[in-house]
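Data first, discussion second: the structure below is written as structure tokens.
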Amino acid sequence: MARYRDESARDSALRLETDERFPSGPWKGFWLQRGLPGRQWMRQLRLTFAEGVVEGSGSDCVGDFVFSGVYERDTGRVLLLKHYLGAHLVEYDGRNDNDGLWLWGMWHIPGFDRGGFHMWPAGVEDPTRRRLEAEEELPAAQPALAR
């Protein structure tokens, strides 16, 4: 296996995915777990999609990790194995339905625990934030007069 001095050299040697649902580069994301408050953010998250294979790395409150897995252009499904360096593995099963929500799904540690996750490219607005879809001015109701 060839070794590269930096990720950009490796990325240029691969035929990176052209499907806009799977851009390579920096991403943002979080996972949820019972017993832990709120979103557990992944930091310095980077994903590379090429020829049906996805690889990546980052860190979170548990530690540094690497991702390896596969993705399917036809279905949008993404299967990832998150390996915390020197520690346990976590399986991620998600999808991108091309609906603006990017990559979301469930993670699990077999025989231990499970929860949800959500990831999207850095620079894209957080798709989990609620947004107003439409706004309409309505006339104020007139109070009925008592007789």
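Using this note's numbering, read the sequence shown as starting at 3 and increasing by one per residue. Every residue, glycine too, gets a C-beta built ideally from N, C-alpha and C.
Item: If you drop the 5 nearest sequence neighbours on each side, which residues of the same chain put their C-beta closer than 6 angstroms to that of V92?; Value: K84, W109 and I111
Item: Output the boundary residues of the beta strand (DSSP E) element that contains F69.; Value: D66 to Y73
Item: Cα separation between G125 and P25?; Value: 12 angstroms
Item: Tell me, please, which residues DSSP counts as bridged to R116.; Value: H110
Item: According to DSSP, is S26 helix, strand or coil?; Value: coil
Item: From what residue to what residue does the beta strand (DSSP E) around D81 run?; Value: It should be noted that the sequence gives Leu, not Asp, for residue 81. Segment R79 to Y86, the beta strand (DSSP E) holding L81.
Item: Taking all protein chains shown into account, decide if F69 is buried (16 or more other Cβ within 10 angstroms of its Cβ) or exposed.; Value: buried
Item: Between R97 and the rest of its own chain, which residues show a CB-CB distance below 8 angstroms, the 5 nearest in sequence each way excluded?; Value: T77, G78, R79, V80, L105, W106 and G107
Item: Would you decide whether G88 is buried or exposed? Buried here means 16 or more other CB atoms lie within 10 Å of its CB.; Value: exposed
Item: Would the beta-carbon of R75 fall within 9 angstroms of that of E139?; Value: no
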